[in-house]
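Reviewing the structure listed below.
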Amino acid sequence: MSSLLALTLAATLAAAPPPVLTLEDALSRARKENLDLKVAQARLEQADTASRKAWAGYLPTITASGVIIRNSDAAIIPPGPIAPVPITIQPLVQRQAQIEIRQAIIAPQLWAGISAAYKSERVAALNVEQARREILFGVAQAYYGAAAQAKAVNVQERLVELNAARSKDTRVRFEAGTVTRVAQLRAEQDLSRAEQDLIRAQNAYSSARLVLATLLAFDDADFDVAAPPEPEVPVKTDADQLYQRSLEARADVAASRETVELARTNKKGAWLAYLPTVGVNGAYRIANSGGFTGQSDTWLITFAASWTLWDGGLREANLTEASARIAESLANQRKAELTAREDVKRSQLDLASALANRLKAEQTVELARESQRLTDVSFKAGVATYLEVADANTALTSAEIGLVNERLQSALAALRLLRSVGAFEARALDSDLKDPNAVPPHLQPLPGQTMPQQMEQPAQPQSEQPAQQQPAPQQ
Numbered sequence: 137m138s139s140l141l142a143l144t145l146a147a148t149l150a151a152a153p154p155p156v157l158t159l160e161d162a163l164s165r166a167r168k169e170n171l172d173l174k175v176a177q178a179r180l181e182q183a184d185t186a187s188r189k190a191w192a193g194y195l196p197t198i199t200a201s202g203v204i205i206r207n208s209d210a211a212i213i214p215p216g217p218i219a220p221v222p223i224t225i226q227p228l229v230q231r232q233a234q235i236e237i238r239q240a241i242i243a244p245q246l247w248a249g250i251s252a253a254y255k256s257e258r259v260a261a262l263n264v265e266q267a268r269r270e271i272l273f274g275v276a277q278a279y280y281g282a283a284a285q286a287k288a289v290n291v292q293e294r295l296v297e298l299n300a301a302r303s304k305d306t307r308v309r310f311e312a313g314t315v316t317r318v319a320q321l322r323a324e325q326d327l328s329r330a331e332q333d334l335i336r337a338q339n340a341y342s343s344a345r346l347v348l349a350t351l352l353a354f355d356d357a358d359f360d361v362a363a364p365p366e367p368e369v370p371v372k373t374d375a376d377q378l379y380q381r382s383l384e385a386r387a388d389v390a391a392s393r394e395t396v397e398l399a400r401t402n403k404k405g406a407w408l409a410y411l412p413t414v415g416v417n418g419a420y421r422i423a424n425s426g427g428f429t430g431q432s433d434t435w436l437i438t439f440a441a442s443w444t445l446w447d448g449g450l451r452e453a454n455l456t457e458a459s460a461r462i463a464e465s466l467a468n469q470r471k472a473e474l475t476a477r478e479d480v481k482r483s484q485l486d487l488a489s490a491l492a493n494r495l496k497a498e499q500t501v502e503l504a505r506e507s508q509r510l511t512d513v514s515f516k517a518g519v520a521t522y523l524e525v526a527d528a529n530t531a532l533t534s535a536e537i538g539l540v541n542e543r544l545q546s547a548l549a550a551l552r553l554l555r556s557v558g559a560f561e562a563r564a565l566d567s568d569l570k571d572p573n574a575v576p577p578h579l580q581p582l583p584g585q586t587m588p589q590q591m592e593q594p595a596q597p598q599s600e601q602p603a604q605q606q607p608a609p610q611q
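Letter 14 of the sequence shown, counting from 1, is numbered 150 in the numbering used here, and no numbers are missing.
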């Protein structure tokens, strides 16, 4: 196993180092290449045609038509008392062409339809914005997970180096007769176990990079991830302030409000269906026979009014359905607001728990590191046994792996809090949400928080930390 690992490490060092992917690079790549995001953008473009379709029913309609008819007989009035020349009523080959223009003048139901179309486009844009935020949040989660796996690989590599040196030292001591054969065997077992753990950690890191490569539409996962900056959020921010911020910045809450307005507009359209409609038609016709008038071309203008007095109860049914849709949209709006409040409070609790667990994990690592140092000194002095040294090394490795996991959980908890408030990859809801090139900062300040340097340049580590904020991870 040791020889195989040595060959693998040698081949890795001989190859060219893979490119390093930063968090900012990953998010920028996801904005352009993520396939789920492209699907959402395509759906938005489809929904963006709703207003054009609605206006098509109100704008002028121009149609042109032409026919050629071969009649069985021709009808011609010969010259006589009616006219001194023959009059062709029906030629043997009849040719006709027509251009007709229709324009609605008063169409109340179409007015409501146009307004509803614009609101439906707004709802679609908000839904796509929410999907965009969720997709990029998933990319950030995958990146932080891959970075944590990379740190776990570093921990396992240090353990392999430590056990390799320990095994060599134990072999020398055994040959000198200062330790038993059992100690030498235990050292070799610890080295073999550490090598196996390293292989598992490397495979987990490769799997995490595969997930990230799929999200970023890479052909392969031949890259490394840099240590991402840990998001800084105020731990003591009032929950009510965060909740109010979420109501203003979350796209799903805004979409639920716009859905209520859309349902009310549709009900207004159902009421406007009781009013009459007025329109005008104009037509120009040309034929190869003039008939009794002797004119081969004619035109006409028609003003028409229509008022449906009874349609079998269809309008009443539409009103009932529209009222039910309003009640449904109001319930969904209230549910979205309650969900936002739940997300904010739960994210705050998760962040507090994650920070407390990380603090305990840091203390555990310090204690395990000091215990390992003292045990190593005692072993060199001949006081401690190798079993005690092996137990101390195992405890230190477990503590370091636990710290890596707790740092990951605290970073993800901070990201979830930012997402619940609407401060992660959030474009302003009053901006043009249909512009795919609009790129917001992926972290935005929360209430009571100024924009730190880390948020402006997320790829650069930050040395100073504001008071009462989540500290950056130790390198």
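Glycine included, C-beta positions come from ideal geometry on N, C-alpha and C. Since the structure is predicted, the reported quantities are computational estimates derived from the model, not experimental observations.
Pair within 8 Å by beta-carbon distance, residue i and residue j
{"i": "V275", "j": "L351", "result": "yes"}
{"i": "V156", "j": "A362", "result": "yes"}
{"i": "A547", "j": "P367", "result": "yes"}
{"i": "G415", "j": "A240", "result": "yes"}
{"i": "Q182", "j": "N207", "result": "no"}
{"i": "I212", "j": "P222", "result": "yes"}
{"i": "R317", "j": "Y522", "result": "no"}
{"i": "L532", "j": "Q508", "result": "yes"}
{"i": "E473", "j": "R269", "result": "no"}
{"i": "A458", "j": "K403", "result": "yes"}
{"i": "A186", "j": "A267", "result": "no"}
{"i": "A574", "j": "D566", "result": "no"}
{"i": "I250", "j": "W191", "result": "yes"}
{"i": "V501", "j": "A375", "result": "no"}
{"i": "R461", "j": "Y410", "result": "no"}
Residue i versus residue j: straight-line alpha-carbon distance, rounded
{"i": "T444", "j": "G558", "result": "48 Å"}
{"i": "T434", "j": "S425", "result": "11 Å"}
{"i": "D333", "j": "A178", "result": "45 Å"}
{"i": "I422", "j": "L195", "result": "25 Å"}
{"i": "L495", "j": "R552", "result": "19 Å"}
{"i": "S382", "j": "R555", "result": "9 Å"}
{"i": "L455", "j": "W446", "result": "14 Å"}
{"i": "T158", "j": "K304", "result": "39 Å"}
{"i": "L346", "j": "A488", "result": "31 Å"}
{"i": "S164", "j": "R302", "result": "45 Å"}
{"i": "E169", "j": "F273", "result": "15 Å"}
{"i": "S534", "j": "A528", "result": "10 Å"}
{"i": "G202", "j": "Y420", "result": "12 Å"}
{"i": "S442", "j": "T199", "result": "22 Å"}
{"i": "L262", "j": "L246", "result": "24 Å"}
{"i": "K372", "j": "S483", "result": "13 Å"}
{"i": "S514", "j": "E524", "result": "10 Å"}
{"i": "P154", "j": "A282", "result": "15 Å"}
{"i": "D184", "j": "E257", "result": "6 Å"}
Distance between beta carbons of residue j and residue i, contact taken as under 8 Å
{"i": "T395", "j": "S465", "result": "5 Å"}
{"i": "Q292", "j": "A260", "result": "Actually they are not in contact, since the Cβ atoms of Q292 and A260 sit about 48 Å apart, beyond 8 Å."}
{"i": "A330", "j": "V296", "result": "5 Å"}
{"i": "A476", "j": "V369", "result": "In fact, because the Cβ distance is near 17 Å, the residues do not count as touching under 8 Å."}
{"i": "L378", "j": "L582", "result": "7 Å"}
{"i": "A526", "j": "D326", "result": "5 Å"}
{"i": "D172", "j": "I271", "result": "5 Å"}
{"i": "L408", "j": "P244", "result": "4 Å"}
{"i": "N541", "j": "A284", "result": "7 Å"}
{"i": "R563", "j": "P577", "result": "Contact flag wrong, Cβ pair sits at about 10 Å."}
{"i": "Y280", "j": "L544", "result": "6 Å"}
Endpoints, the alpha helix (DSSP H) within which residue i is located
{"i": "N207", "result": "Per DSSP, N207 belongs to no alpha helix (DSSP H) and is neither H nor E."}
{"i": "S432", "result": "Where S432 is concerned, there is no enclosing alpha helix (DSSP H), given that its DSSP letter is neither H nor E."}
{"i": "S546", "result": "522-557"}
{"i": "V519", "result": "From DSSP, V519 is part of no alpha helix (DSSP H); its letter is neither H nor E."}
{"i": "N339", "result": "317-351"}
Exposed unless 16 or more other CB atoms sit within 10 angstroms - verdict on residue i
{"i": "V229", "result": "exposed"}
{"i": "D356", "result": "exposed"}
{"i": "I537", "result": "buried"}
{"i": "F439", "result": "exposed"}
{"i": "N299", "result": "buried"}
For residue i, the first and last residue of its enclosing beta strand (DSSP E)
{"i": "Q232", "result": "229-242"}
{"i": "R563", "result": "Unbroken run through R563: none, as it is neither H nor E."}
{"i": "R421", "result": "413-423"}
{"i": "Q226", "result": "223-226"}
Near the ligand FAD: residue i beta-carbon under 7 Å from a heavy atom
{"i": "N529", "result": "No copy of the ligand FAD appears in this structure; indeed no ligand is present at all."}
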